[in-house]
Amino acid sequence: MAKRLQARRLDGIDHNPWVEFGKMASEYDVVNLGQGFPDFPPPDFAIQAFQLALNSDFMLNQYTKAFGYPPLTKILASFFGKLLGQEIDPLKNVLVTVGAYGALFTAFQALVDEGDEVIIVEPFFDCYEPMTLMAGGCPVFVTLKPSPTQDGKFTSRTKALILNTPNNPVGKVFSKAELELVASLCQQHDVICISDEVYQWLVYDGHQHISIGEPCLPGTGLAAIPVSVFYSTPHRKQFDHYVRFCFVKDESTLQAMDEKLQKWKDELRP
40 MAKRLQARRL
50 DGIDHNPWVE
60 FGKMASEYDV
70 VNLGQGFPDF
80 PPPDFAIQAF
90 QLALNSDFML
100 NQYTKAFGYP
110 PLTKILASFF
120 GKLLGQEIDP
130 LKNVLVTVGA
140 YGALFTAFQA
150 LVDEGDEVII
160 VEPFFDCYEP
170 MTLMAGGCPV
180 FVTLKPSPTQ
190 DGKFTSRTKA
200 LILNTPNNPV
210 GKVFSKAELE
220 LVASLCQQHD
230 VICISDEVYQ
240 WLVYDGHQHI
250 SIGEPCLPGT
260 GLAAIPVSVF
270 YSTPHRKQFD
280 HYVRFCFVKD
290 ESTLQAMDEK
300 LQKWKDELRP
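The opening position of the sequence shown corresponds to residue 40 in the numbering used here, with each subsequent residue numbered one higher.
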């Protein structure tokens, strides 16, 4: 066609390393360790639960509520409430999304504006930079060191900091002291912390996963977005000072933002 086909916001970010790795693994007939390819079946209880859900009530095969299927949000609120020692309202503080990618993309689009700076801790999972750029933001990189961030990287334009613990690809698990430093800097500079915690259940060798939103960390007023995933059912949840995918400082703003985004997604469904 004569008109430009690809949107300019995709310029420079249309390269996906996973596509390249897949082609190389296929071409050279090697074992691909770049992604997770389970070679074992899911647990029986998960299969049985899905079968029961499909067979028990045909009315379940409908569009669910935008914030998530109420029985699921209740279970998530109860589970994470016990895990974190906080009361979570399943109607106000839980939001279900299709995977962590969808949740992260929604958060970037909703919170990062044109010209906003986003601090990304290196090495990082490949989607953080293109998601920042697609939202019109400017990525600012900080190398992973014993002190995970540097005060000098924060400016008046800094909107968010992306933290990944446990880290993909190197497996770094941030300590309580390191998380306290990150939380302190984010509060000091009025910055949102997007904390990708999808590997929180895969911690070994005496390490302990701590979320930046846990009550053991000082953080009243901290805007945090810890991201987590159920490997059978990806989810997103948020509550006071602790959000598993999307958070702003006041609940009414967050609710309005998510209602708008979910409405757009509903309208775009085929």
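Heads up, the beta-carbon is just placed ideally off N, CA and C, and yes, glycines get one too.
Tell me which same chain residues have a C-beta within less than 6 angstroms of the C-beta of SER95, skipping the five on either side of it? Looking up residue 95 in the sequence shown gives position 56. Same-chain partners within the cutoff: there are none.
From the DSSP secondary-structure annotation, give me the bridge partner or partners of ASP152. Counting from 1 along the sequence shown, the entry for residue 152 is found at position 113. In DSSP, ASP152 forms no bridge with anything.
My guess is that THR171 and VAL151 are in contact by the Cβ rule of under 8 angstroms, so how many angstroms apart are they, rounded? Within the sequence shown, the letter at position 132 stands for residue 171. Within the sequence shown, the letter at position 112 stands for residue 151. Indeed they touch by this definition, with Cβ atoms about 6 angstroms apart.
Given a threshold of 16 other Cβ atoms within 10 Å of its Cβ, counted over all protein chains shown, does SER234 qualify as buried or as exposed? As a first step, residue 234 must be located in the sequence shown, where it is residue number 195. The residue is buried, with at least 16 neighbouring Cβ atoms inside 10 Å.
Spatial neighbours of TYR140 within its chain, please: C-beta separation below 6 angstroms, excluding the five flanking residues on both sides. Working through the sequence shown from its first residue, we reach residue 140 at position 101. Here the set comprises nothing.
Does the segment 175 to 186 come into contact with the segment 149 to 163, if we say contact requires no fewer than three beta-carbon pairs (one atom in each stretch) closer than 8 angstroms? Flag = yes, the segment 175 to 186 and the segment 149 to 163 touch.
My output table needs one value for PRO129: the three-state DSSP class, helix, strand or coil. For the purposes of this step, residue 129 is taken as residue 90 along the sequence shown, with counting starting at 1. If DSSP states are grouped into helix, strand and coil, PRO129 belongs with coil.
Around the C-beta of GLN87, are 16 or more other C-beta atoms found within 10 angstroms, so that it is buried, or is it exposed? The count along the sequence shown starts at 1 and reaches residue 87 at position 48. With fewer than 16 Cβ atoms within 10 Å of its Cβ, GLN87 is classed as exposed.
GLU331 classed as buried or exposed, judged by whether at least 16 other C-beta atoms fall within 10 angstroms: Residue 331 falls outside the range modelled here, since the chain spans only 40 to 309, and no answer is possible.
What separation, rounded to the nearest whole angstrom, lies between the Cα atoms of LEU72 and ALA149? As a position in the sequence shown, residue 72 is number 33, starting the count at 1. As a position in the sequence shown, residue 149 is number 110, starting the count at 1. Each residue's alpha carbon lies about 33 angstroms from the other.
Delimiting residues of the beta strand (DSSP E) encompassing ILE233: Here residue 233 is taken as the residue at index 194 of the sequence shown, counted from 1. Start and end: 231 to 235.
Secondary structure at PRO81, three-state DSSP: helix, strand or coil? What you label residue 81 is simply residue 42 of the sequence shown in a count that begins at 1. Under the three-state reduction of DSSP, PRO81 is assigned to coil, being neither helix nor strand.
For GLN74, which residues of its own chain have a beta-carbon under 7 angstroms away from its beta-carbon, when the five flanking residues on both sides are left out? Start at 1 with the first residue of the sequence shown, and residue 74 comes out as number 35. Within the same chain, GLN74 has close Cβ partners TRP57.
Ends of the beta strand (DSSP E) at ALA64? If you number the sequence shown from 1, residue 64 lands on position 25. Element bounds for ALA64: not the beta strand (DSSP E) but the alpha helix (DSSP H), 56 to 67.
With H, G and I counted as helix, E and B as strand and the rest as coil, what does DSSP make of GLN122? As a position in the sequence shown, residue 122 is number 83, starting the count at 1. Checking the sequence shown, residue 122 turns out to be Leu, not Gln. LEU122 falls in the helix class under three-state DSSP.
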